[in-house]
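Colleague: Chains as they are written, first to last, in full-length UniProt numbering: chain D, 1 to 309; chain X, 1 to 309. Positions of the beta carbon are idealized from the N, C-alpha and C atoms, including for glycine. Below is a structure I'd like to ask you about.
Here is the structure:
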């Protein structure tokens, strides 16, 4: 375990808030647990985002949730009365599609992708011109039978060059079995949207993307390349797309092992942990944890508005 | 990797066969890949088993398949024209039920077990007087919804003291999510029938019990106690139940990392690898493998009959 020498600064009054805000020109926000909890908007979030915009800050949104596309995310924001544009939103599904195209060099219109996951990944791939298989195809909802699965009938699709796996609440043996058939071919790349072990929802802890992905990893004896936070592929893609100066950026999140690790290992100027998600003040201050401590922490994002008004 | 100094002996003629058979009074057989492949009986298996019985050998059957109960297994044998009784059959589901009762000391009629797996586990628990929840309950086939799941409606069942997880081709998010809720309580024991990563069926490789179990292990950050081969809990239970002299026993199987490891680390007098399942002669002779080599190997079980008649 690494000894952390910098004690996180608590933002709890107008003076610490002003100093904090002045240090950065771009804020990257995790969404669930920071802006909202599922379908419940957290207090003073709209006011805080409006305020930061009004003082000239750039706002970006970075989520490991791959079930929705960026277009669907923009709609979710709008439903809360927050106006954002698609180019402000980065999802792990989008990051995975970028990885497949820009790093693995798969060719749109020629190479295909098998998806274990929901529609968010498929939509991002489609926008890049990739054909995908699997995902929410309703034929995969049928019980698995080797003799009748339409995905085995004429053999596997030889144009599939990568498997992208993410959170899929429609997980079943059919989806796992066909995904495994592709993964048994070592020439087909194995990409994970993210490896979060859990997915907090409405006060309970549900299995996260990493849970089913680990199931595929164990059966195939392979390790996927994970594209979401804390993997720096995602941060590098954002920095490049927006031409960011890392030293002037602050990552705001509710998870130490994804959001804060992402900001700290990615060399951002700052990280702010909010306590409206899964972490506590005790954990924020626990200097013996294996992952980096945040530079700042505060009870809720809305404090940035509350202490300046 | 361990250097293996004993080269496996190939059974390939009457003389090696006779010497082999004479050394043992009990043979423990894995089933799938040894006696049959799915619903297809392998050649001379009935004749071999009849012959071994006729010369006074005790025959036991040890399988990691937890989807069927011992009663259902006896019927499967009967369908192939092989008469065996329930007390000759040991499944990983039965081993898990024994573990819960005899090692974890759960009390039948009082403590309950949550099952992630098929009916084989439930039936074995029921025979011991345990009430179980989960498994093939058709309400778990419904899509998961926190608000409507009948398994969350009145909270978790406080009488549940263990989760047993095994192969479940009805795996879905509902089953995974509720199993996880129980596993998040560290006082509830986590038991796995077996951790086979794959499940060969009709010439293709499907996800094994260990695949979904690993998904639960990752989400809950826990490691289950695995009861099937190669875990010695199962062997110890068999040795105790049948009063066996280990030096006079031979384990016959088609997998090096489960069957042969089970026999070798369990101190049995012999192990016989047959090549009708997943292993090859090359692997049988690969002395640099991390798991123990078999003492004997032969192309098929039926050779024991063929070379003596």
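1) How should residue 86 (chain D) be labelled, buried or exposed, when 16 other C-beta atoms within 10 angstroms of its C-beta is the threshold for buried?
2) Under 8 Å, do residue 10 (chain D) and residue 305 (chain D) count as touching if we go by C-beta distance?
3) Does residue 252 (chain X) come out as helix, strand or coil in the three-state DSSP assignment?
4) Nearest to residue 118 (chain D) by CA position, among D:32, D:295, D:140 and D:177, is which residue?
5) Report buried or exposed for residue 213 (chain X), applying the criterion of at least 16 other Cβ atoms within 10 angstroms of its Cβ.
6) In this structure, what does DSSP give as the bridge partners for residue 131 (chain X)?
7) Inspect the CB distances between the segment 165-172 of chain X and the segment 167-179 of chain D and report whether three or more fall short of 8 Å.
8) So residue 88 (chain X) contacts chain D; which residues on that side make the cut at Cβ distance below 9 Å?
9) My guess is that residue 238 (chain D) and residue 60 (chain D) are in contact by the Cβ rule of under 8 Å, so how many angstroms apart are they, rounded?
10) Out of D:103, D:204 and D:302, which one is the CA nearest neighbour of residue 147 (chain X)?
11) Since residue 72 (chain X) contacts residue 33 (chain X) with CB under 8 Å, what's their CB separation in whole angstroms?
12) Do you know offhand how far residue 225 (chain D)'s Cα is from residue 159 (chain D)'s?
13) Which residues share a DSSP beta bridge with residue 207 (chain X)?
14) Per DSSP, which one or two residues make a beta bridge with residue 90 (chain D)?
15) Given a limit of 9 Å on CB to CB distance, which residues of the segment 216-228 of chain D reach chain X?
16) Taking only beta-carbon positions, decide if residue 9 (chain D) is within less than 8 Å of chain X.
17) Kindly list, in the order they appear in chain X, the residues whose Cβ is closer than 7 Å to that of residue 214 (chain D).
18) Between the C-alpha atoms of residue 144 (chain D) and residue 177 (chain D), what's the straight-line distance to the nearest angstrom?
19) If you measure beta-carbon to beta-carbon, which residues of the segment 142-171 of chain D are closer than 9 Å to chain X?
20) Do residue 113 (chain D) and residue 164 (chain D) count as a contact pair if the criterion is CB distance below 8 Å?
21) Just grab the DSSP bridge partners of residue 271 (chain X) for me.
22) Should residue 233 (chain X) be listed as close to the ligand SAM, given that the test is whether its C-beta is under 7 Å from any heavy atom?
23) For residue 198 (chain D), which residues in chain X fall below 7 Å Cβ to Cβ?
24) Using only the alpha-carbon positions, how far apart do residue 313 (chain D) and residue 78 (chain D) sit?
25) Among all the DSSP beta bridges, which residues are the ones paired with residue 296 (chain D)?
26) With a threshold of 16 other CB atoms inside 10 Å of the CB of residue 161 (chain X), please say whether the residue is buried or exposed.
27) When you compare the CB of residue 177 (chain X) with every CB in chain D, is at least one pair closer than 8 Å?
28) Using DSSP with H/G/I as helix, E/B as strand and the rest coil, what is residue 20 (chain D)?
29) With 8 Å set as the bound, which would you pick, yes or no: does the beta-carbon of residue 188 (chain X) sit closer than that to a beta-carbon of chain D?
30) Can you find a CB in chain X that lies within less than 8 Å of the CB of residue 230 (chain D)?
31) State the beta-bridge partners of residue 26 (chain D) as determined by DSSP.
32) Along chain X, in chain order, which residues have C-beta atoms closer than 7 Å to that of residue 208 (chain D)?
33) Look up residue 146 (chain D) in the DSSP assignment and say whether it is helix, strand or coil.
34) Compare the C-beta of residue 112 (chain D) with all C-beta atoms of chain X and state if any pair is closer than 8 Å.
35) Can residue 292 (chain D) and residue 265 (chain D) be called in contact, C-beta distance under 8 Å?
36) Give a yes or no on contact between the segment 185-203 of chain D and the segment 194-202 of chain X, applying the rule of three or more CB pairs nearer than 8 Å.
Modeller: Reading off the structure:
1) exposed
2) no
3) strand
4) D:140
5) buried
6) X:112
7) yes
8) Per Cβ cutoff of 9 Å: no residues; residue 88 (chain X) is ~30 Å from chain D at best.
9) 7 Å
10) With distances taken between CA atoms, residue 147 (chain X) lies nearest to D:204 out of D:103, D:204 and D:302.
11) Rounded, the Cβ-Cβ distance is 19 Å, inconsistent with contact.
12) Rounded to the nearest angstrom, the two C-alpha atoms are 20 Å apart.
13) X:198
14) D:62
15) 216, 217, 218, 219, 220 and 221
16) no
17) 214, 215 and 218
18) 8 Å
19) 143, 144, 146, 147, 152, 168, 169, 170 and 171
20) yes
21) X:251
22) As presented, the structure is devoid of all ligands, the ligand SAM included, so that no description of it is given.
23) 219
24) Limits of chain D in this structure are 1 at one end and 309 at the other, which puts residue 313 (chain D) out of reach.
25) D:9 and D:272
26) buried
27) yes
28) helix
29) At a cut-off of 8 Å between C-beta atoms, residue 188 (chain X) does not count as an interface residue with respect to chain D.
30) no
31) D:58 and D:249
32) Simply 219.
33) coil
34) no
35) yes
36) no
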